[in-house]
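Start counting the sequence shown at 1; every next residue gets the next number (full-length UniProt numbering).
Right, one structure below, let's go through it.
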Amino acid sequence: MSNNSLETVFFERLNTFGIRLNEEQREAVRHVTGPLVVFAGPGSGKTTVLTCRASYMMQVAGIPAHSMLVVTFTRAAAEEMKTRLAAMPGLGPQMVRSAEIGTFHSIFMRILLQQSGGRVPQLLEEQEQRQIIRTLLRGQGKDGDDEEVAEALQKIGLCKNNLIMPERIKATKPENQQFKELFAGYEAQKKRQERWDYDDILVHCHALLKSNPTVLEHYRRRFQYILVDEFQDTNLAQYEVIRLLGAHGNVCIVGDDDQSIYRFRGSQVEYLLGFDTLFPGSGKVILATNYRSTDPVIETASRLILHNKKRQSKKIRGTGRAGVQPTVIRPEGERSEAEQILTEMEKKVADGTVLEDIAVLYRTNIQVRAIIDGLVKRNLPFTLHDAEGDFYRRWQVRDVLTYMRLALDPDDLDGLVQIINRPKRYMSADRWVEEAHTIRREKNVTYLEALPHLSGLEPYQTAKLEQLMQDIRSLRLQTPGQALRTIRQVIGYDKYLEEYSIKTGNDLKQVKDPLEELEEAVIGHRTIPDFLAHIAEVAETIRKSRHKGEGVQLMTMHRAKGLEFGHVYCIGLVADMLPHPKALAAEGEKRDAALEEERRLLYVGMTRAKEYLTLSAPMNYHGHRAEVSPFLYETGLVPRPVRVTVSTDSSGTGKAKSKTAAAAAVPANERMKAALDRYGSLEISKGDTLHHKDMGPGIVEEIIPLSGNGGRRVLIKFAGVEKISDLHLELCLYLGLLEASKPVELTQ
Numbered sequence: 001m002s003n004n005s006l007e008t009v010f011f012e013r014l015n016t017f018g019i020r021l022n023e024e025q026r027e028a029v030r031h032v033t034g035p036l037v038v039f040a041g042p043g044s045g046k047t048t049v050l051t052c053r054a055s056y057m058m059q060v061a062g063i064p065a066h067s068m069l070v071v072t073f074t075r076a077a078a079e080e081m082k083t084r085l086a087a088m089p090g091l092g093p094q095m096v097r098s099a100e101i102g103t104f105h106s107i108f109m110r111i112l113l114q115q116s117g118g119r120v121p122q123l124l125e126e127q128e129q130r131q132i133i134r135t136l137l138r139g140q141g142k143d144g145d146d147e148e149v150a151e152a153l154q155k156i157g158l159c160k161n162n163l164i165m166p167e168r169i170k171a172t173k174p175e176n177q178q179f180k181e182l183f184a185g186y187e188a189q190k191k192r193q194e195r196w197d198y199d200d201i202l203v204h205c206h207a208l209l210k211s212n213p214t215v216l217e218h219y220r221r222r223f224q225y226i227l228v229d230e231f232q233d234t235n236l237a238q239y240e241v242i243r244l245l246g247a248h249g250n251v252c253i254v255g256d257d258d259q260s261i262y263r264f265r266g267s268q269v270e271y272l273l274g275f276d277t278l279f280p281g282s283g284k285v286i287l288a289t290n291y292r293s294t295d296p297v298i299e300t301a302s303r304l305i306l307h308n309k310k311r312q313s314k315k316i317r318g319t320g321r322a323g324v325q326p327t328v329i330r331p332e333g334e335r336s337e338a339e340q341i342l343t344e345m346e347k348k349v350a351d352g353t354v355l356e357d358i359a360v361l362y363r364t365n366i367q368v369r370a371i372i373d374g375l376v377k378r379n380l381p382f383t384l385h386d387a388e389g390d391f392y393r394r395w396q397v398r399d400v401l402t403y404m405r406l407a408l409d410p411d412d413l414d415g416l417v418q419i420i421n422r423p424k425r426y427m428s429a430d431r432w433v434e435e436a437h438t439i440r441r442e443k444n445v446t447y448l449e450a451l452p453h454l455s456g457l458e459p460y461q462t463a464k465l466e467q468l469m470q471d472i473r474s475l476r477l478q479t480p481g482q483a484l485r486t487i488r489q490v491i492g493y494d495k496y497l498e499e500y501s502i503k504t505g506n507d508l509k510q511v512k513d514p515l516e517e518l519e520e521a522v523i524g525h526r527t528i529p530d531f532l533a534h535i536a537e538v539a540e541t542i543r544k545s546r547h548k549g550e551g552v553q554l555m556t557m558h559r560a561k562g563l564e565f566g567h568v569y570c571i572g573l574v575a576d577m578l579p580h581p582k583a584l585a586a587e588g589e590k591r592d593a594a595l596e597e598e599r600r601l602l603y604v605g606m607t608r609a610k611e612y613l614t615l616s617a618p619m620n621y622h623g624h625r626a627e628v629s630p631f632l633y634e635t636g637l638v639p640r641p642v643r644v645t646v647s648t649d650s651s652g653t654g655k656a657k658s659k660t661a662a663a664a665a666v667p668a669n670e671r672m673k674a675a676l677d678r679y680g681s682l683e684i685s686k687g688d689t690l691h692h693k694d695m696g697p698g699i700v701e702e703i704i705p706l707s708g709n710g711g712r713r714v715l716i717k718f719a720g721v722e723k724i725s726d727l728h729l730e731l732c733l734y735l736g737l738l739e740a741s742k743p744v745e746l747t748q
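Set out below in structure tokens:
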């Protein structure tokens, strides 16, 4: 049977199987030889296309399954790919097992095992990693608490994902030198234990392939066809391995630059956008039809993401499915935000909505506290998907709650050890605990009462311990709100956080944020026992619901990627939270990149919605007046009171203004010639995005060449502007009225 006949039969079988591909999807499926980049928008049937393409390659192109390497982003995605492929008409489990399908880590580990005769170091458990880091931090004179440990491990992972080991770090600042020493100590300890961590799999596989041409050639011959999903989320180590293995050019990558949200892990959207630099002449397919969401959801999200400049121009379209316009709510504060949303949820459930089809999404875990408290009080089931989502387990909150518990139980030794030096009282636990045991027994007192009787104390230490005893006793009859303020101001916990921020280089506002949220959480609780009982109930509810997937789905926008729900609430959309302060604190090009990623994060959250999308921006946040996130203005749902933008001009002076001033210096009769000389050869196509200095981003609807080498007119549809704009392309670019998205160039 000829290839054409095989192809016809293949697509007919798909139709019988219930899979009907649109023209762009078919184009991606049929491209077999040579490099290809597929830009797959939200809800565009990406998994279906990947599965059909792999099936097409085996059944129509006659490519042996064992010659194919398919890389997915998660284990769940790999298993889904195997299951769906095995169920495809004409295939089966045996054929699918011959293909190499898995995550980067699982595939790289198999390569390492094959080349080492099955002998690689055992991987450290997360708790073991934490213990190593905690010991090293304390050796540097730091507390080594959970927050510090997690931050250090995240930095180490980021370095290794970018193939940066301690010896490559050039540290001039003291904090950077300390991190370098910590990183080196961590690697040395792993080496002594003959253990690896998860990131070592990437580092060692890259080193193996780069240093051993024979091994590299073996796997190039083995994997003649490579397909990589979620390429926008690849880091340098992963990218370099694919570059090495894919030298033959038969590489297909799939991703969405508008959903690249993992810079903190080392991923770089430039690897996706610059694919044709790595593989010149590569094919390109844009899957622009969103089958998931209603047209109003798609249009609203598109208006937002058009404001990003570092992206592939694309116009996402729906299937013509009408629906309710996304809404913005402005509750008074976090508590009223939760009450309004939960009341609406209960109405939806009464009308037949299942709770599992409702998702609450947020930028940071701290923002879901009021929602969880409300769900527990209403006895509504929920699933919290993020391990750090339990607000009451944050270390600052735990410290404050420990003070409250000590007021009820001054004989809690573990609690005393936890807070004894928060704030500093210069008490080393290994020097006083044993003696405190003896004093407690001999004098028949509590551990708290035993502290001032310890031997060898300096007068200032005795005074501090007596004051601690009085302060904790004073909390007993206070309300939780009064106790919180006493702990922060009188006992001096806020002062401790200020010193901690200076010592660690962390932003003080972010360090204090959990306590600002706690100020909201204590409202309505009359006694400390009542408040602590509520916290215990929340903790138990979270524990019981973990991994069940029942009820309302609570997760960060990062965690929501790849999922979909009928009803989506994006909460806490205020200026101090989205964009995140860390993004605003960056400088230059890093700030530009960080702000665009924050915008992509909200875009990911919005495009999880199939039908109903609610964006919530409380008028007050942490007890202070809050502005809406500037991104909400960009959705077109919130009118701008004045021109409000998230600037991505790292110079701080305004690109368009400076460009206009420069152009104005050119005599008027020479401007058109200068404009044509500079921009006459610029490639612009229908569907591309151009940015107007006042109207923001717009989609090119039509390009009209002018006679006599007069340049080009462009008809542009700007978001929120009813009338099509008719502009002279070259002249507007020259004057700085328009700006084209810059092409991405990779420098290795």
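Glycine included, every Cβ here is placed at the ideal spot set by N, Cα and C.
- prompt: Can you tell which of N290, T319, L465, M555 has its C-alpha closest to the C-alpha of R369?
  reply: M555
- prompt: Near I542, which residues of its chain fall below 8 Å by C-beta distance, leaving aside the five closest residues on each side in sequence?
  reply: I372, L384, G389, D390
message: Just to check my reading of the structure: V149 and R134 have Cβ atoms closer than 8 Å, yes? What is that Cβ distance to the nearest angstrom?
response: 5 Å
message: Whether or not the region 550–566 and the region 603–611 are in contact is what I'm after, with contact meaning three or more pairs of Cβ atoms, one per stretch, closer than 8 Å; do they touch?
response: yes
DSSP-derived helix/strand/coil call for residue 752: Outside the displayed span of the chain (1 to 748) sits residue 752, for which this structure offers no information.
- request: Compute the Euclidean distance between the alpha carbons of L182 and L153, then round it to the nearest angstrom.
  value: 10 Å
- prompt: Along the chain, where does the alpha helix (DSSP H) that runs through P174 open and close?
  reply: 174–193
- request: Determine the burial state of R599: buried for a count of at least 16 other Cβ atoms within 10 Å of its Cβ, exposed for fewer.
  value: buried
- request: Let me know the alpha helix (DSSP H) ranges lying completely inside the region 525–572, each 4 residues or longer, listed in chain order.
  value: 528–545, 557–560
task: State the Cα-Cα distance for the pair S650 and L738, rounded to the nearest angstrom.
output: With a pLDDT of 44 at S650, under the threshold of 50, the predicted position of this residue should be treated as unreliable, though the coordinate-derived value follows. Whole-angstrom Cα-Cα distance: 18 Å.
message: Less than 6 Å between C-beta atoms, sequence neighbours within five positions excluded: which residues of the same chain meet that for K284?
response: V37
- prompt: Does DSSP put F104 in a helix, a strand or coil?
  reply: helix
message: On the CB-based measure, 16 or more other CB atoms within 10 Å of its CB, does residue 758 come out buried or exposed?
response: One cannot answer for residue 758 here, as it falls past the ends of the chain, which runs 1 to 748.
message: According to DSSP, is F718 part of a helix, a strand, or is it coil?
response: strand
message: Once DSSP output is grouped into helix, strand and coil, what is the label at F39?
response: strand
query: Is the distance from the Cβ of V552 to the Cβ of E702 below 9 Å?
result: no
query: Rounded to a whole number of angstroms, what is the C-alpha to C-alpha distance between L637 and L209?
result: 51 Å
- prompt: With a CB to CB cut of under 8 Å and the five nearest residues on each side skipped, what residues in its chain are close to R546?
  reply: T383, L384
query: Which residues bound the alpha helix (DSSP H) around D373?
result: 369–378
Cβ-Cβ distance between D575 and P514 below 9 Å: Checking the sequence shown, residue 575 turns out to be Ala, not Asp. In this structure, P514 does not lie closer than 9 Å to A575 by Cβ.
- prompt: What are the start and end residues of each continuous alpha helix (DSSP H) run of 4 or more residues lying completely inside the region 469–529, in chain order?
  reply: 480–485, 493–504, 508–521
query: Curious, which full-length alpha helix (DSSP H) runs of at least 4 residues does the region 587–631 contain?
result: 588–606
query: Buried or exposed: which applies to N379, given that a residue is buried once 16 or more other Cβ atoms fall within 10 Å of its Cβ?
result: exposed
query: Is the Cβ-Cβ distance between N290 and R317 less than 9 Å?
result: yes
- prompt: Buried or exposed: which applies to A207, given that a residue is buried once 16 or more other Cβ atoms fall within 10 Å of its Cβ?
  reply: exposed
- prompt: What's the C-alpha gap between M672 and E270?
  reply: 34 Å
message: On the DSSP letters alone, give me the boundaries of the alpha helix (DSSP H) that V417 sits inside.
response: 413–419
field: Collapsed DSSP secondary structure at I242 in the structure displayed
entry: helix
query: Can you tell me the Cα-Cα spacing of I704 and M577, whole angstroms?
result: 43 Å
query: Using the beta-carbon count (16 or more within 10 Å), is Y426 buried or exposed?
result: exposed
Residues bridged to W196 (per DSSP): L123
query: How many Å lie between V354 and K347 at the Cα?
result: 11 Å
- request: Can you grab the Cα-Cα spacing for the pair A301 / A40, in whole Å?
  value: 15 Å
- request: May I have a chain-ordered list of the alpha helix (DSSP H) segments no shorter than 4 residues that lie completely inside the region 196–229?
  value: 200–211, 213–222
- prompt: Taking the alpha helix (DSSP H) that L738 falls in, what are its first and last residues?
  reply: Element bounds for L738: not the alpha helix (DSSP H) but the beta strand (DSSP E), 738–740.
query: What first and last residue would you give for the beta strand (DSSP E) that runs through K314?
result: Where K314 is concerned, there is no enclosing beta strand (DSSP E), given that its DSSP letter is neither H nor E.
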